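S.K.:
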Amino acid sequence: MSKPATKYSKILDALKRNKKIFFETVLSEHLSTEFTCYSQIVYCHVAPVKGTFKMEELQKLMVSLIPGLEPTRRDNFYKDSGMLHFGRLCFEEFIGEEHFIRTITLTDTDMLPKDFINGELKIERRNRVLRRIIVKLFPNVKIAKHAITGGDNQVSIKPDRKRGAK
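The sequence shown lines up with residues 79 to 244 when you count with my numbering.
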């Protein structure tokens, strides 16, 4: 009996089937902490092969990228102060469980807190391990590739007078 497909595999399949887009994934792995509950964050940088800066076209493409899978969060494209801010779809899935036991041993046994037994306190904890998949859509392949190396999440849509644009 095979395991059910993960959201991650469904997302990759949907992106691979779409011949009108470029995409590349970047995996960020780390142990979850009190500040984040994700043990994996996967960034899928996506761009239409034929680039466009038309916000409506990008928004329409973004919401159609992963059919049949509802995102946990969606940030739409928007324009503000001459900048086009890029949209993204976020998905979360349970991928495992973290289980740990913490033992605290006190050497000063004169005044032990009440929960300590023979100078020791054991704290047992279980946490869900989650993966977050972020599908970020960019206006063109060049910007998507630049974002992989830490580029911006926005681009100017004002004409550049230095290059003679009107």
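Just so you know, even glycine gets a beta-carbon here, dropped at the ideal spot from N, CA and C.
Note that the structure is a prediction, hence the values are computed from the model and not measured.
Considering only the alpha carbon of each residue, which of VAL120, SER106, ASN218 and LYS98 lies closest to SER87?
M.R.: The candidate whose alpha carbon is nearest that of SER87 is VAL120.
S.K.: Comparing alpha-carbon positions, which option in GLU102, ARG204 and LEU147 lies nearest GLU175?
M.R.: Comparing Cα positions, the closest option is ARG204.
S.K.: Would a C-beta distance cut-off of 7 Å place ARG166 and ILE212 closer than the cut-off?
M.R.: The answer is yes: Cβ separation under 7 Å.
S.K.: If I measure Cβ to Cβ from LEU199 and keep anything under 6 Å in the same chain, skipping five residues before and after, which residues do I get?
M.R.: For LEU199, where only same-chain residues beyond five positions count, the Cβ hits under 6 Å are ILE182 and ASP193.
S.K.: So what's VAL219 in DSSP terms, helix, strand or just coil?
M.R.: It is helical.
S.K.: Do three or more CB pairs link the stretch 154 to 166 to the stretch 212 to 221 at distances below 8 Å?
M.R.: Counting Cβ pairs under 8 Å, three or more are found: they touch.
S.K.: When the Cα atoms are used, what is the spatial distance from LYS81 to ILE226?
M.R.: Approximately 31 Å between the Cα atoms of the pair.
S.K.: From ASP188, GLN137, ILE195 and TYR116, pick the residue whose C-alpha is nearest to that of PRO126; which is it?
M.R.: That would be GLN137, whose Cα lies nearest to the Cα of PRO126.
S.K.: Mind checking PRO191: buried by the 16 CB within 10 Å criterion, or exposed?
M.R.: Result: exposed.
S.K.: By DSSP's criteria, PHE164 is part of a beta bridge. Which residues make up the other side?
M.R.: Per DSSP, none; premise fails for PHE164.
S.K.: At which residues does the beta strand (DSSP E) containing ALA125 begin and terminate?
M.R.: Here the beta strand (DSSP E) through ALA125 covers 116 to 126.
S.K.: Buried or exposed for LEU139, please, with buried defined as at least 16 other CB atoms from any protein chain shown within 10 angstroms of its CB.
M.R.: So LEU139 counts as buried.
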